[in-house]
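Mapping the sequence shown onto the numbering used here, position 141 (from 1) lands on 141, and the numbers just tick up by one.
Positions of the beta carbon are idealized from the N, C-alpha and C atoms, including for glycine.
Quantities reported herein were computed from a predicted structural model and do not represent experimental measurements.
A short write-up of the structure that comes next.
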Amino acid sequence: MGTSASKQLFDSAGSNDVVKLRSLIKEGIDVNMTAGPEGITALHAAAEKGHQRTVALLLENGAEVDRKTADRCTPLYYAAKKGHVEVAQFLIDSTAALEASSIDGTTPLMIAAQKGRPVMVEVLIDRGANVEACRKLGITPLAVAAIEGHLEVVKHLLANAHASFTSTNQDGSTQIVNAAAQTYSDVADAIAELENPDKQLTMDKVKKAFMF
């Protein structure tokens, strides 16, 4: 099958056209063919759009659940990034690797935290994702959520997943310092309050201690 068939595959996956997709599969199309410099598959395209029926059909017909792009991103990463909870759950039920990381070490949980997807974060944690997984420079999901100012994600990681701001980056700075260095004072206040019920740690103390 040539370029036309490839385009039809990705068009049907991206538009949730399961009728067309079934026809292509019946004709023998390779569901794991890749497209573009990113090297995405039809499963990546369907996961990114949140098309659960298409995801299911592709998996039933041999799509590789943990196939990676040129940047080493899996379909679960794509679903987590966009906040497609049902698709993410389906992929996990289909043995998708929770800790598969991109080229810079970003896991599905981390990208969900970075994009401010609290429901996705909750689902991934409930399914066993490692809240202390680190990407390059030792950045954790909590750190990236704090840096991006996603208060609900920060609260969930601290209150329910027991993530800690005390783990350090390779440069020796702590998670709360990363948060405090940003403009999101409400996030830093939440970290201080949740990790220190006596509220002795304040933003002023953090900034003074590290000379911000």
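Phe90 is a Cβ neighbour of Gln52, given a cutoff of 8 Å. Straight across, the Cα-Cα distance linking Ile125 with Val55 is about 22 Å. Rounded to whole angstroms, Asp66 and Arg72 show a C-alpha spacing of 10 Å. The beta carbons of Glu148 and Gly116 sit closer together than 8 Å. A distance below 6 Å between beta-carbons, with the five flanking residues on each side excluded, links Cys134 to the following residues of its chain, in chain order: Thr140. Between Leu76 and Ala112, the gap from beta carbon to beta carbon reaches 8 Å or more. DSSP places Ala35 in the strand class (E or B) of the three-state scheme. The residues Ser12, Ala13, Thr54 and Leu57, in chain order, have a CB closer than 7 Å to that of Leu21 in the same chain once the five nearest residues on each side in sequence are set aside. Within the stretch 74-100, the runs of alpha helix (DSSP H) at least 4 residues long that lie entirely inside it are, in chain order, 75-82 and 85-93. Residues Ala113, Val153 and Val154 of the same chain have their beta carbon placed closer than 6 Å to that of Ala145, with the five preceding and five following residues left out of the count.
The alpha-carbon of Glu48 is positioned some 17 Å away from that of Gln8.
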